[in-house]
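See structure below.
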Amino acid sequence: LAATHHPGLHFGEPRAALDWLYAEADPLLACVRQSSVRTTGRADVLRRAVDLLWAAKDLAESGANSKQYESAAAALRDAARAAKDPHAEGRARTALTNVHLVAGRFAEADDEARQAMVLAREADDPLPSCWAPNDRGIIALYQARYADGERYLLEAIENFRADGNHIGEASALCNLSRIHVELGRLASAIELAEQGIAIYDRMGLTLRLANGRYALGIALTQAGRLAEAQTQLTEALSLFHDNRQPLWEGVTHFRLAEAHLAAHRPTLAAAHAEQAIALRGIGGEWRRATVLTVLGKALQRLGQRDRARVCWRDAEAVFEGLGSPELAEVRALLASEIAA
Numbered sequence: 094l095a096a097t098h099h100p101g102l103h104f105g106e107p108r109a110a111l112d113w114l115y116a117e118a119d120p121l122l123a124c125v126r127q128s129s130v131r132t133t134g135r136a137d138v139l140r141r142a143v144d145l146l147w148a149a150k151d152l153a154e155s156g157a158n159s160k161q162y163e164s165a166a167a168a169l170r171d172a173a174r175a176a177k178d179p180h181a182e183g184r185a186r187t188a189l190t191n192v193h194l195v196a197g198r199f200a201e202a203d204d205e206a207r208q209a210m211v212l213a214r215e216a217d218d219p220l221p222s223c224w225a226p227n228d229r230g231i232i233a234l235y236q237a238r239y240a241d242g243e244r245y246l247l248e249a250i251e252n253f254r255a256d257g258n259h260i261g262e263a264s265a266l267c268n269l270s271r272i273h274v275e276l277g278r279l280a281s282a283i284e285l286a287e288q289g290i291a292i293y294d295r296m297g298l299t300l301r302l303a304n305g306r307y308a309l310g311i312a313l314t315q316a317g318r319l320a321e322a323q324t325q326l327t328e329a330l331s332l333f334h335d336n337r338q339p340l341w342e343g344v345t346h347f348r349l350a351e352a353h354l355a356a357h358r359p360t361l362a363a364a365h366a367e368q369a370i371a372l373r374g375i376g377g378e379w380r381r382a383t384v385l386t387v388l389g390k391a392l393q394r395l396g397q398r399d400r401a402r403v404c405w406r407d408a409e410a411v412f413e414g415l416g417s418p419e420l421a422e423v424r425a426l427l428a429s430e431i432a433a
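So the sequence shown is residues 94 to 433, counted in this note's numbering.
Given below as structure tokens:
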């Protein structure tokens, strides 16, 4: 990150740092926006503002501050483009990629990440060179483009290792684990997630450890190791909750719903799916529709067929509007209900 002229604050533990970040979110983002209009002839100001935004990226996932964060990121991107600064623009686009990912706007996220990769090469900047392909791998996962996703994530892992960024490497390993799950490579999926967890554990990063346990829980669920999966996901849920990450708290409830459904516990599956739905406004319509699909399956098994159909019809409308590959599954579920 860009050098600063003053020492930063020191916090004894991560939760205190997060508490400060959320308490100071409004003035922090206002400072970033002001910097975007005061950069004429001051590349150092623009770059510090972009790096401040990147350091505060947890705000993009908070729900309460997501729109302000997006507005600030877009302002910095435009200012960097006007200043013809590929270094600052690449980083601003990387921050915007994360915003769109959180909101479930995958086409917009991929476009920002693609341009960030081009700018990273022009500026020879390792940050977007690492994180943009990592993000494109996640986007490809959500769009069922698994070969593309694997290629992007292998590139991200190589770049993170070259940069000595162990945290990023662990993140990309866990994301690659999810690609391997979808490709049916369950043994390697479990191994990749465990490698990511080992890195987080070695570095003492409990905040990040939740992401590793989340990925491992998904792989274990698909491997039929349901008790182990529920343990990993429950631990991840607790960490996400304690560290004020409502988006990830919601998607972990969704994954627990999947695990309980696989274990033939529809009541618990429905309860977790409903808790995921309750975190509305975070994650976008695509994520809400994926939760509705699983909730419908749980309700069907509980004999609540009318409620199940309502869930699936709502999910169908979302997936159809987005052109999502999940549409086929939901239509098959609705067709099976008609046949029954």
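Just so you know, even glycine gets a beta-carbon here, dropped at the ideal spot from N, CA and C.
With distance defined between alpha-carbon atoms, name the residue in the options nearest to residue i.
i, options, result
"ALA322", "GLU342, GLY343, GLU351, LEU332", "GLU351"
"GLY230", "CYS267, PRO219, ALA213, ARG184", "CYS267"
"ALA213", "TYR162, ALA165, ASP178", "ASP178"
"GLU251", "ALA149, SER222, ARG207", "SER222"
"GLY165", "ARG126, ASN158, PHE199, HIS193", "Inspection of the sequence shows that residue 165 is occupied by Ala rather than by Gly. Nearest option by C-alpha distance: ARG126."
"ALA356", "GLY317, ASP407, LEU388", "GLY317"
"ALA410", "LEU392, THR383, LEU395", "THR383"
"LEU388", "LEU111, GLY242, VAL403, ALA363", "ALA363"
"ALA175", "ARG244, LEU139, ASN304, LEU354", "LEU139"
"ALA181", "VAL143, ASP204, ALA153", "VAL143"
"ARG141", "ALA172, GLU117, LEU114, LYS160", "ALA172"
"ARG348", "LEU300, ILE370, GLY310", "GLY310"
"ILE272", "LEU234, ALA303, TYR307", "LEU234"
"LEU426", "GLY414, GLY416, ASP407", "ASP407"
"VAL192", "GLU215, THR327, GLY297, ALA149", "ALA149"
"GLY289", "LEU146, LEU302, ASP241", "LEU302"
"TYR245", "SER417, GLN397, ASP203", "ASP203"
"MET296", "TYR307, HIS259, THR327", "HIS259"
"GLU201", "CYS124, GLN236, LEU145, LEU114", "GLN236"
What residue range is occupied by the uninterrupted alpha helix (DSSP H) comprising residue i?
i, result
"GLN315", "299-315"
"SER128", "118-129"
"MET210", "199-216"
"PHE104", "No alpha helix (DSSP H) holds PHE104; DSSP gives it neither H nor E."
"ARG244", "239-256"
"ASP151", "No alpha helix (DSSP H) contains ASP151, which DSSP labels as neither H nor E."
"ALA176", "No alpha helix (DSSP H) holds ALA176; DSSP gives it neither H nor E."
"ALA425", "420-432"
Take the Cβ of residue i as the centre, count every other Cβ of all protein chains shown within 10 Å, and call the residue buried at 16 or more, exposed below.
i, result
"MET210", "buried"
"HIS103", "exposed"
"PRO359", "buried"
"GLY261", "buried"
"GLU163", "buried"
"ALA109", "exposed"
"GLY242", "buried"
Using 8 Å for Cβ pairs, my map puts residue i next to residue j. What's the rounded Cβ distance?
i, j, result
"HIS334", "HIS365", "HIS334 to HIS365, Cβ: 13 Å. No contact."
"SER270", "LEU285", "4 Å"
"ASN227", "SER264", "6 Å"
"GLY197", "GLU422", "Rounded, the Cβ-Cβ distance is 17 Å, inconsistent with contact."
"SER159", "VAL195", "7 Å"
"LEU169", "ALA185", "4 Å"
"GLY343", "LEU372", "4 Å"
"ALA225", "ALA206", "4 Å"
"ARG337", "TYR115", "7 Å"
Going residue by residue through the stretch 358-403, where are the continuous alpha helix (DSSP H) segments of at least 4 residues, counting only ones entirely within it? 359-371, 377-394
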